Amino acid sequence: CGRSQWGSDQLQCVDDWFTCLGKDYAYQSQEDGSACRCDGNCQSGFCRDTGGYTRDGKCGKGQKGDKCGINKDCASNACGRSQWGSTDLSCQDSVFTCAFQDYAFGTQPDGSACRC
């Protein structure tokens, strides 16, 4: 017995289940792009950008431009800021580290403020 989708309180019979944050859910029943909090929610076995299970994420690896929190959230394994000084993280083609932050490689326009 478990919930079919993250955030649902409706219980139903399921083939297999797991526990996430104290509630039972159908194991790997949700498609990529659906809201999740734990890897077990997702058919792909991966829930991205949950901030360590503190916020809702999305099933599946992110594509370029999708919100991310760490490199493994992205299909490219590259999560970073697109511009110097930005605090917004998104999936990039590739990243480099500067001043302890990850930035997209080669996306800064000529003449714009930068450090590295």
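Numbers given in our numbering equal positions in the sequence shown, counted from 1, plus 2. Where a beta carbon is used, it is the ideal one built from N, C-alpha and C, also for glycine. All values derive from a computational prediction rather than experimental measurement.
In the structure shown, Asp26 adopts extended strand secondary structure according to DSSP, grouped into three states. Ser92 is bridged by DSSP to Lys69, Gly82. By the beta-carbon neighbour count (other beta carbons within 10 angstroms, threshold 16), Ser88 is exposed. Here Asp104 carries a strand assignment [DSSP, helix/strand/coil]. In the DSSP assignment, the residues bridged to Arg5 are Leu13, Tyr27.
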